[in-house]
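Numbering (UniProt numbering), first residue to last: 1 to 275.
All C-beta atoms, glycine included, are put in the ideal place defined by N, C-alpha and C.
Model, not experiment: these values are computed from the prediction.
First up is the structure itself, then whatever we jot down about it.
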Amino acid sequence: MTSRYSNADYRHGVLDGRRRPAPPREVPATNDLVVEDLAGFCGAVVHCDRNGVTLEDRHGARRVFPLHPGGFLLEGEPVTLTVPPRTAAPVGPARSASGSVRAETRRARTARASRIWVEGLHDAELLERVWGHDLRVEGVVVEPLQGVDLLADALAEFDPRPHRRVGVLVDHLVPGSKESRLVAAIDSPHVLITGHPYVDIWQAVRPASLGIPAWPVIARGTEWKAGVCAELGWGEPADGWRRVLASVEGYRDLEAPLLGAVERLIDFVTEPGAS
């Protein structure tokens, strides 16, 4: 007689009285929900999106965790945290991640001829996360250069004019750095170069937002992102960047030098006459 049970049913205990354990309960990761990750970090939810959940412990330290199934304990019970449903907007003027009043009634304008250039993709993604709303409303396009070494050639090709301005954000713009030497010869009223003092844009994210006491000091000769990820146990740089980006909810998570540098660039390329 043909059995209606497969070999897999026998292997997994369907016929011998054993049941598969039920999957962990799904719980929305709403703000102030207190959970513990499997490594023992206990904290309240302060932010959650598809990139991960940010927990803050009683000392104010924050850490970002991926939303793995059964990855947290809630009152001792393994649970799967999920992104909570969106709630109604609070009363009062809504704010963008940069802190500006959201222009909900204004449509994104056609892209300007002027541009903001940044060194790499991570810089562009961070600007989008914090200033994305403002940039779309103003019609400002942010483009990665893939290195400040290419700036002079890119400017020669772009040919900045009064109505075609370029704002450039440079990493590690400090006296004596390679970056400062590369931009020193660029002198145009239609180009504004600003920067921050950090080795990489990652460092412009406040350590507290990531739940670390400080950014590690990486020895010369070691690729900075790889060294940071090794020191902090973040895996590969791609994994580390996802963690860094997920920790940024708005301008409060960024260091002041970066905030000022970006705001100056936006003002420069949106001045009247800089179409």
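message: So, does the stretch 237-257 touch the stretch 158-169, judging by three or more C-beta pairs under 8 angstroms?
response: no
- request: Round the Cβ separation of residue 270 and residue 138 to the nearest angstrom and send it over; I've been treating them as touching at under 8 angstroms.
  value: 5 angstroms
- prompt: Quick one: what does DSSP say residue 172 is sitting in, helix, strand or coil?
  reply: coil
- request: Starting from the C-beta of residue 261, find all residues in its chain whose C-beta is less than 7 angstroms away, skip the five residues before and the five after it, and write them out in chain order.
  value: 169, 194, 195, 196
- prompt: How far does the beta strand (DSSP E) with residue 47 in it reach, from first residue to last?
  reply: 42-49
Every unbroken alpha helix (DSSP H) within the UniProt domain "DUF3097" (114-271), with a cutoff of 4 residues, ordered by chain: 121-138, 151-158, 178-183, 207-210, 224-232, 237-246, 256-270
task: Could you give the DSSP three-state label for residue 70: helix, strand or coil?
output: coil
- prompt: Going along the chain, which residues of its own chain have a beta-carbon closer than 6 angstroms to the beta-carbon of residue 10, five neighbours each way excluded?
  reply: Bear in mind that the predicted position of residue 10 carries a pLDDT of just 44, short of 50, making it unreliable; the figure below should be weighed with that in mind. For residue 10, where only same-chain residues beyond five positions count, there are no Cβ hits under 6 angstroms.
query: Hey, residue 166 and residue 115 are a contact pair by Cβ (cut 8 angstroms); roughly how many whole angstroms apart?
result: 5 angstroms
message: So for residue 25, helix, strand or coil by DSSP?
response: strand
message: Let me check understanding here. Comparing Cα to Cα, which of 186, 127, 23, 171 lies closest to residue 154?
response: 186
query: DSSP three-state call for residue 38: helix, strand or coil?
result: coil
message: Rounding to the nearest angstrom, what Cα-Cα distance links residue 277 and residue 188 in this structure?
response: Absent from the structure is residue 277, since the part of the chain shown begins at 1 and ends at 275.
message: In the DSSP output, which residue or residues are listed as bridge partners for residue 63?
response: 55
message: Please report the distance separating the alpha-carbon of residue 25 from that of residue 44.
response: 18 angstroms
query: Quick one: Cα of residue 248 to Cα of residue 132, how far?
result: 13 angstroms
- prompt: Anyone know if the C-beta pair for residue 83 and residue 62 falls short of 8 angstroms?
  reply: no
- prompt: residue 134: buried (16+ other C-beta within 10 angstroms of its C-beta) or exposed?
  reply: buried
Cutoff 8 angstroms; reference residue 1; Cβ partners in own chain excluding five residues on either side: Its pLDDT being 48, under 50, residue 1 is placed unreliably by the model, and the measurement read from it follows with that caveat. Correct list: empty, nothing qualifies.
Buried/exposed call for residue 50, threshold 16 Cβ in 10 Å: exposed
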